[in-house]
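To start, the structure itself, in structure tokens.
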Amino acid sequence: MHQEKRTAGNDMIARTIMHRYSMLLPILAALSIPCGQLNAQQIAPPPIVWEQKPGPVGGWPLMIVPDNDTGIIYAGMRSGGIYRSLDSGRSWTPANVGLPRLDIRGIHVSGRGDIFAGDAAGGISRSTDAGAHWSEAGTGIDPIDRVGEVAVLGEDRNNQTVAIIGRQLYRFDAAAGAWSAIVGRVPGFSATALVTDTAGTFYVSTFGSGILRSRPGGGWVAIDSGLSDPTVASLAIDRQGRLYAGSYSGISRSDNHGDTWDTANAGLGTTVPYIAHIQILADGELIINNSNGLYRSNDRGDHWVRMNITAPVAGEGFAVAAGDVMLGTTRTLSRCRLTDPVWAGSDAGMHAWRAGSIVTTQSGLLFASVENGYLVSRDHGDTWDTVNVAGAHLPGRMLPLSEGEIVVVGSDSVRFRSTDGGTTWLPTGAGDGEKVAQFATLPDSSIIKVISFDFVTFQFQRSTDRGESWSPAGIDSTHDLAAFCMAVDAGTMLVAGHQRNVFRYTINNGIVRRDTLALSGAYVTCGAAAGNGVVFLGARLNDRGRAGLFRSSDNGRTWAQVNTGLADTNVAALLVDGRMLHIATGSGLWCGDIAADSWSRCDSGMAGTPLTALAKGADGHLYAGTEERGVFRTVDAVSAVPAEAHTTNTTAWMTATPNPADADVRLTIGAGHQGQARVEVYTVDGRFVATVFEGHVPDTGLRLVWNVARLPRSAYLLHLETETHCETTTIVVNR
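Numbering follows this note's numbering, with no gaps: position 415 of the sequence shown is 407.
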């Protein structure tokens, strides 16, 4: 009798649990991990045509070079090529026709009237019409010397152009249009400046190997007796043959052709800053540029006087022409008179070209992170305004995140948010000085940020109040520096580490599980989730050769490389737009159906342009950030083809008996074919409990025994996931 009552009571408990479970079915369906196979019927990419939009005022001038004969001033940009000014630097126009690359590292105006430009890829271009047109001028240069930026250009005593390319000194023969090597290779590395005296002696400063001299007919000889620092950034020579060298230890001067050197730092302060540039004016006055500003000397460097109390932050480009001082910083170009050192902006016509990231908001605002700051466009990219984020001096790795009308800006040391469309910015969270590597939005609308502490560890922090406050996310992070993170489906987050490992975090009600993915070895740069467990990761070329595009159809468990059709496998950005995937590379844009096995070009109007970012605006237009040409926008709005709804494929199956159970449960699972599978247990509110099985399943299926004796009495969700299918069932623990 007691046994019958106990059995009836257990049955009643089981029915009650099952009834409560049936009411939770919609919630469980939302919490279960989606999986399935891609639709085999693919769609063709839509016709897309792009147009370049005007960039914002600004720029990053690395060098400013005046032509004293014509009055034209040339400015070489970190990206954006060369600009020239006909009005003493008050306004600028691009001068890039024929330039093969727009990352300019050296400009030289020759005594014969030619203009030479060296770029970051070891190439040299020449203009014979004051910069209106350019042509490559690399004939005669040994390919082994074209290994880095060409920043060292100069003139010999016969007004012939000379340049250090790689580690070799070359002279240009204008009649032959070719270069020839004239001295043996320069010892050491990283030549920074080149000057010549009236006797035909060459002097070269280097970044780490001091200063070298080569007299006519001789080789290179080190001349560093008394030199205060072997890391020399700047070198100049006056009409009397006196040499001046700038380093981290200030100014060194030589009156005997470099045989000996003396310091000349009087007036530069007790902590002498890095001397980036030295210019000698026609009357012999010296002007130097360092991290504290500009200083001048009228007595050959015996005494220095600071000349720019109101100057902007000292920068890279610097020149004096016709009584005007021009200073290029990471944000802009400023100008003042030598006789009146009050600075004013002087960048009219210049543009910031490198768009590192693009973010759109629901109201149609467009934000861009560029080489010299942040920008906002309120008219779909037709015009741009500077976003003044106080405290964020350099974009660097700054990565905006758009969440409705909130834009969070992260950098190496600061992060801000705006709730009024970028008009005002306020610091968000505690602990200024943290290095924010990335932001990601989870499916529950909370925000995750990655903070790197060093090159070994990092930490995840989570905000549930739209970036107002942050707390640790409970994720173990004692491994590689996180370079990229992305939220995927069902509380899953993928993280690509700096040391080429990829991790998968599954987050359920604060419980975090981490898996190392089989994608290790790829240098992952970007990612995008297409839904239904379909995820894409892009990687750039590395020493293991695992570059290009990777696709997972099971929420990051397994991956396949899908590079067919990609002419460039250095992937910089990915964008999923319905059924269409857009792939930004170093040579243009490719796209195709998310189920595609090959990809085709979708960059008419900007073909071959190195891309850095992708976004889709509320107006339906696609936007592309580029390495050198600003922002592009599609001519027409692009309508997304909706991704088809996912339906569970029942070729994966699972049975569990007895049910309800109080001890051993006999599980039988099948994948429809042999392959990998995993069986996991979740509570009815979606919390992960345990992994029952993970391994290979034969095509005939597999039988398992699972003991539930230690589980609390409740209903549980059993989830089977195979390589392409999934199945979910429930079991009641009744003990």
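Where is the CB? At the ideal position from N, CA and C, for every residue including glycine.
Next item on the list: Could you pull the start and end residues of the beta strand (DSSP E) that leucine 319 belongs to?
Entry: 316 to 320
Note to self: At the level of alpha carbons, what is the spacing between valine 351 and aspartate 95?
What the structure shows: 25 Å
Margin query: If contacts are defined as beta-carbon pairs under 8 Å, then alanine 465 and threonine 433 qualify, I think. What distance do you get, rounded to the angstrom?
Written below: That belief does not hold up - the Cβ atoms of alanine 465 and threonine 433 are roughly 13 Å apart, past 8 Å.
Next item on the list: Using a threshold of 9 Å, state whether the C-beta atoms of isoleucine 56 and glycine 68 are closer than that.
Entry: yes
Next item on the list: Measure the C-alpha to C-alpha separation of arginine 621 and arginine 370 and round it to an integer number of angstroms.
Entry: 20 Å
Margin query: Excluding the 5 residues flanking cysteine 594 on each side, which residues of the same chain have their C-beta closer than 6 Å to its C-beta?
Written below: Pro37, Ile40, Leu581 and Cys583
Notebook entry, point to check: What do you reckon, are the CB atoms on isoleucine 116 and valine 142 nearer than 9 Å?
Noted result: yes
Margin query: Tell me which residues share the same chain as leucine 602 and place their Cβ nearer than 6 Å to its Cβ, disregarding the 5 neighbours each side in the sequence.
Written below: Sequence check: residue 602 is proline here, not leucine. Taken in chain order, the residues that qualify are Gly578 and Glu619.
Margin query: Would the stretch 520 to 539 count as touching the stretch 563 to 571 if we require 3 or more Cβ pairs under 8 Å?
Written below: yes
Notebook entry, point to check: Who are the Cβ neighbours of alanine 514 in its own chain at under 6 Å, not counting the five residues just before and after it?
Noted result: Ala531 and Arg538
Check: What is the DSSP secondary structure of isoleucine 136, reduced to helix, strand or coil?
Finding: helix
Notebook entry, point to check: Going by the beta-carbon positions, is the gap between glycine 202 and alanine 214 smaller than 9 Å?
Noted result: yes
Note to self: Based on DSSP bridge pairs, tell me the residues matched to glutamate 672.
What the structure shows: Thr683 and His711
Next item on the list: Determine the closest residue to histidine 295 out of Arg327, Leu260 and Thr331, with distance taken between C-alpha atoms.
Entry: Leu260
Note to self: Please report the distance separating the alpha-carbon of aspartate 216 from that of aspartate 137.
What the structure shows: 26 Å
Check: In chain order, what residues of the same chain have a beta carbon less than 7 Å from the beta carbon of cysteine 518, not counting five sequence neighbours either side?
Finding: Phe476, Gly530, Val563, Ala564, Ala565 and Leu566
Note to self: Just to confirm before moving on: does the CB-CB distance between leucine 614 and valine 630 stay below 9 Å?
What the structure shows: yes
Check: How is the beta strand (DSSP E) around glutamate 43 delimited, first residue to last?
Finding: 42 to 45
Next item on the list: State the start and end residues of the unbroken beta strand (DSSP E) segment that holds methionine 299.
Entry: That residue, methionine 299, is in no beta strand (DSSP E); it is neither H nor E in DSSP.
Next item on the list: Pick out whichever of Arg70, Gly293, Ser102 and Asp628 has its Cα sitting closest to the Cα of alanine 347.
Entry: Arg70
Item checked: Closest Cα partner of aspartate 189 within the set Ile229, Ile157, Ser246 and Gly158 -> Ile229
Check: So threonine 184 and valine 224 are in contact, right, with Cβ under 8 Å, and what is the actual spacing, rounded?
Finding: 6 Å
Next item on the list: Enumerate in chain order the residues of its own chain whose CB-to-CB distance from methionine 646 is below 8 Å, with the five nearest sequence positions on each side excluded.
Entry: Leu659, Thr660, Ile661, Gly662, Val671, Leu710, Leu712, Glu719 and Thr721
Next item on the list: May I ask you to report which of helix, strand or coil DSSP gives threonine 62?
Entry: coil
Check: Do you know how far the Cα of leucine 54 is from the Cα of glutamine 271?
Finding: 15 Å
Check: So, glycine 132 versus isoleucine 107, is the Cβ gap smaller than 9 Å?
Finding: no
Notebook entry, point to check: Taking the C-alpha atoms as reference points, what is the distance between leucine 418 and methionine 299?
Noted result: 35 Å
Next item on the list: Measure the alpha-carbon distance for glutamine 451 versus glutamine 553 and round it to whole angstroms.
Entry: 30 Å
Checklist line | Backbone secondary structure at glutamate 619 - three-state DSSP | finding: coil
Next item on the list: Report back the beta-carbon spacing between arginine 292 and arginine 207 to the nearest angstrom; my notes put them in contact at under 8 Å.
Entry: So it is not a contact: roughly 24 Å between Cβ atoms.
Next item on the list: Using 10 angstroms around the beta-carbon of alanine 311, count the other beta-carbons present and answer buried if the total reaches 16, otherwise exposed.
Entry: buried
Notebook entry, point to check: Using DSSP with H/G/I as helix, E/B as strand and the rest coil, what is methionine 485?
Noted result: strand
Notebook entry, point to check: Do the CB positions of asparagine 726 and alanine 653 come within less than 9 Å of each other?
Noted result: yes
Next item on the list: Kindly identify the DSSP beta-bridge partner or partners of alanine 599.
Entry: BP columns for alanine 599 are empty, so no partner.
Check: Anyone know if the C-beta pair for leucine 330 and aspartate 316 falls short of 9 Å?
Finding: yes
Checklist line | 6 Å Cβ shell around threonine 642 - same chain, five flanking residues per side excluded | finding: For threonine 642, the predicted model reports a pLDDT of 42, less than 50, meaning its position is unreliable and no value from the coordinates is stated.
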